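2 protein chains.
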Amino acid sequence: MSVSDQYSVAIIEPSRIISQGLMAILHDTDFRVVRQFETIDDFKQWEAVLPEEKRVDVVLLNPALFGTHPSQSLNSFFPDACSSLVAMLYSYTPQELLLEFDAIIGIHDEPITIIEKLRDAVTVASKRLDCQNMDKQELTKREMEILAYVVKGLTNKEIGEKLCISIHTVISHRKNIVHKTGIKTVSGLLMYALFNDIVTVEDIPRE
Amino acid sequence: MSVSDQYSVAIIEPSRIISQGLMAILHDTDFRVVRQFETIDDFKQWEAVLPEEKRVDVVLLNPALFGTHPSQSLNSFFPDACSSLVAMLYSYTPQELLLEFDAIIGIHDEPITIIEKLRDAVTVASKRLDCQNMDKQELTKREMEILAYVVKGLTNKEIGEKLCISIHTVISHRKNIVHKTGIKTVSGLLMYALFNDIVTVEDIPRE
DNA sequence: AGAAAAATACCAACAAATGGCGATTGTTTG
DNA sequence: CAAACAATCGCCATTTGTTGGTATTTTTCT
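As they're listed, the protein sequences go chains G and H. Per my numbering, numbering through the first sequence is continuous, rising by one, with the last residue being 213. Per my numbering, numbering through the second sequence is continuous, rising by one, with the last residue being 213.
Written out as structure tokens, the structure is:
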């Protein structure tokens with residue numbers, strides 16, 4: 007959130023008509039368009055020199071711009087997930103891509119709808135940030151390491167061997183994990199680990 | 007798959023231009039349009055009297071038709087997931103809805119692309135059917151019941167008490183589950199249970 | 001430098017799961 | 001009918017995990 011109680015917005019949109027329209031709609035709202043770009047690369051170049059705390063709250067971009075980078079996902083362009091990503095949609099776009107946005111604005115949306123969607127999007131993004139900052143710090147690095155092995159089905163002994171520490175240490179870490187998370191069951195821990203990106207679905211063996 | 011080595015297709019599309027265009031494109035391919043409808047209800051009425059083996063392989067429909075049933079998901083209209091569902095997309099559609107389709111045809115797609123997408127869709131759907139028919143029968147009813155409790159984190163004793171059977175029986179069932187699935191770890195079993203709709207994510211307690 | 005947090009290690013007693021073995025009673029099915 | 005399967009129950013030895021302690025070293029932060 008910007009200091010002035012307004013959310014800062016960057017627009018990445020090749021169509022001047024669209025970007026001017028968005029500027030007009032966002033004028034005199036709690037969203038302030040700080041800059042507009044015609045390509046993603048232009049934006050990245052601009053963003054690269056910004057200190058982290060000056061990043062915009064919302065990036066509003068046309069998903070069709072990914073057409074020139076067909077095989078890449080949104081994540082590879084905006085890996086830190088620091089800003090809220092909103093799609094400005096007025097042509098057919100593969101649904102896999104749309105999924106990764108925090109909100110999608112349609113070409114026929116009313117101004118009031120657009121504002122609401124943008125507000126939702128910043129909420130979603132800030133929750134995501136909270137999750138990253140809070141949940142990830144709930145466990146220490148070592149604990150996450152242990153947890154990953156636990157949900158993969160290794161026994162305490164195996165984990166100890168793998169990490170070259172005694173089984174007692176593994177058990178200690180597990181105790182701390184259970185205490186900190188409040189989760190006792192392996193299934194619950196797996197959901198926790200999946201949810202917090204400590205493991206991915208592919209990591210779980212179907213032996 | 008239909009007997010004549012062609013896939014049968016039903017089209018649900020209010021626009022005559024679109025449906026005629028699709029018919030023309032699918033003419034002389036391995037897809038045979040058996041019938042077209044203007045509303046989902048018309049289709050459901052027609053399908054209801056069909057024997058299961060005469061169901062069409064592909065249902066090609068305009069997702070905008072769900073606009074009149076706003077709060078419902080695709081699953082509530084096509085719960086059996088027997089046919090392959092393909093969206094014919096030419097207006098903005100909420101992305102949640104698009105997810106549930108096996109394929110999405112865009113208004114600008116080339117004929118060859120459309121055929122390929124349809125082929126992919128039937129492949130996806132047949133795999134889904136295989137999963138339903140094979141994986142579901144791998145375990146008995148009782149075993150699935152036990153498995154559900156196992157992945158929810160209940161101990162053997164608790165499961166026995168819940169089902170009013172001895173702990174030994176629970177252990178026996180668990181042994182059979184492990185043997186049949188080849189999965190030893192709770193995490194692996196959870197993934198199996200999730201994948202085979204024996205439990206849902208919501209069932210897993212975050213204690 | 002000093003305090004706090006993290007990682008390490010150990011013990012003992014108890015609870016739970018595993019693996020291997022066998023057995024009885026129904027039900028289904030070729 | 002016989003064979004196959006499902007569901008039930010039992011024992012035993014061994015392994016593994018849980019719980020609640022204590023204690024040392026290393027890192028990190030102030």
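C-beta: ideal position from N, C-alpha, C; glycine also. The structure displayed is predicted, hence computed values, not measured ones.
Within-9 Å CB hit, residue i to chain H
{"i": "residue 197 of chain G", "result": "yes"}
{"i": "residue 132 of chain G", "result": "no"}
{"i": "residue 207 of chain G", "result": "yes"}
{"i": "residue 104 of chain G", "result": "yes"}
{"i": "residue 75 of chain G", "result": "Residue placement at residue 75 of chain G is poorly supported in this model, since its pLDDT is 47, which falls under 50; the coordinates are not used for a value here."}
Opening and closing residue of the alpha helix (DSSP H) in which residue i lies
{"i": "residue 51 of chain G", "result": "46-54"}
{"i": "residue 30 of chain G", "result": "22-32"}
{"i": "residue 201 of chain H", "result": "192-201"}
Residue i beta carbon near the ligand HEM (any heavy atom closer than 8 Å)
{"i": "residue 127 of chain H", "result": "The model depicted lacks the ligand HEM and carries no ligand whatsoever."}
Residue-level contact to chain G via CB, residue i, 9 Å cutoff
{"i": "residue 152 of chain H", "result": "no"}
{"i": "residue 211 of chain H", "result": "yes"}
{"i": "residue 158 of chain H", "result": "yes"}
{"i": "residue 27 of chain H", "result": "no"}
{"i": "residue 21 of chain H", "result": "no"}
{"i": "residue 193 of chain H", "result": "yes"}
{"i": "residue 9 of chain H", "result": "Because the pLDDT of residue 9 of chain H is 41, which lies under 50, any placement of that residue in the model is unreliable, and the question is left without a value."}
{"i": "residue 142 of chain H", "result": "Interpretation of residue 142 of chain H is limited by its pLDDT of 49, a score under 50 that renders its predicted location unreliable; no figure is taken from the coordinates."}
Best match in the options for proximity to residue i [C-alpha to C-alpha]
{"i": "residue 156 of chain G", "options": "G:191, G:186 and G:129", "result": "G:191"}
{"i": "residue 60 of chain H", "options": "H:19, H:13 and H:68", "result": "H:13"}
{"i": "residue 33 of chain H", "options": "H:164, H:158, H:173 and H:118", "result": "H:118"}
{"i": "residue 63 of chain G", "options": "G:89, G:113 and G:69", "result": "G:89"}
{"i": "residue 151 of chain H", "options": "H:27, H:182 and H:24", "result": "H:182"}
{"i": "residue 26 of chain G", "options": "G:66, G:91 and G:49", "result": "G:66"}
{"i": "residue 210 of chain G", "options": "G:164, G:188 and G:158", "result": "G:158"}
{"i": "residue 96 of chain G", "options": "G:108, G:199 and G:70", "result": "G:70"}
{"i": "residue 50 of chain H", "options": "H:18, H:161, H:111 and H:30", "result": "H:18"}
{"i": "residue 43 of chain G", "options": "G:154, G:15 and G:206", "result": "G:15"}
{"i": "residue 56 of chain H", "options": "H:68, H:45 and H:41", "result": "H:41"}
{"i": "residue 94 of chain G", "options": "G:105, G:113, G:106 and G:103", "result": "G:113"}
{"i": "residue 91 of chain H", "options": "H:125, H:29 and H:115", "result": "H:125"}
{"i": "residue 47 of chain H", "options": "H:84, H:37 and H:172", "result": "H:84"}
{"i": "residue 175 of chain H", "options": "H:194, H:153 and H:187", "result": "H:153"}
{"i": "residue 147 of chain H", "options": "H:172, H:103, H:203 and H:21", "result": "H:203"}
{"i": "residue 131 of chain H", "options": "H:72, H:106, H:68 and H:196", "result": "H:106"}
{"i": "residue 23 of chain H", "options": "H:167, H:53 and H:68", "result": "H:68"}
{"i": "residue 4 of chain H", "options": "H:194, H:30, H:207 and H:171", "result": "As displayed, chain H neither begins before 7 nor continues past 213, which places residue 4 of chain H out of reach and without an answer."}
{"i": "residue 186 of chain G", "options": "G:128, G:37, G:149 and G:53", "result": "G:149"}
Residue i: first and last residue of the uninterrupted beta strand (DSSP E) it sits in
{"i": "residue 15 of chain G", "result": "13-18"}
{"i": "residue 64 of chain G", "result": "64-67"}
{"i": "residue 39 of chain G", "result": "37-43"}
{"i": "residue 109 of chain G", "result": "109-112"}
{"i": "residue 97 of chain H", "result": "Premise fails: residue 97 of chain H is in no beta strand (DSSP E) and is neither H nor E."}
| query | the stretch 179-191 of chain G: which residues have C-beta closer than 9 Å to a C-beta of chain H, in chain order? | reply | Cβ contacts with chain H: 187, 188, 189, 190 and 191.
| task | Let me know the alpha helix (DSSP H) ranges lying completely inside the stretch 140-190 of chain H, each 4 residues or longer, listed in chain order. | result | Segments of the alpha helix (DSSP H) lying fully in the stretch 140-190 of chain H: 147-157, 162-169 and 173-187.
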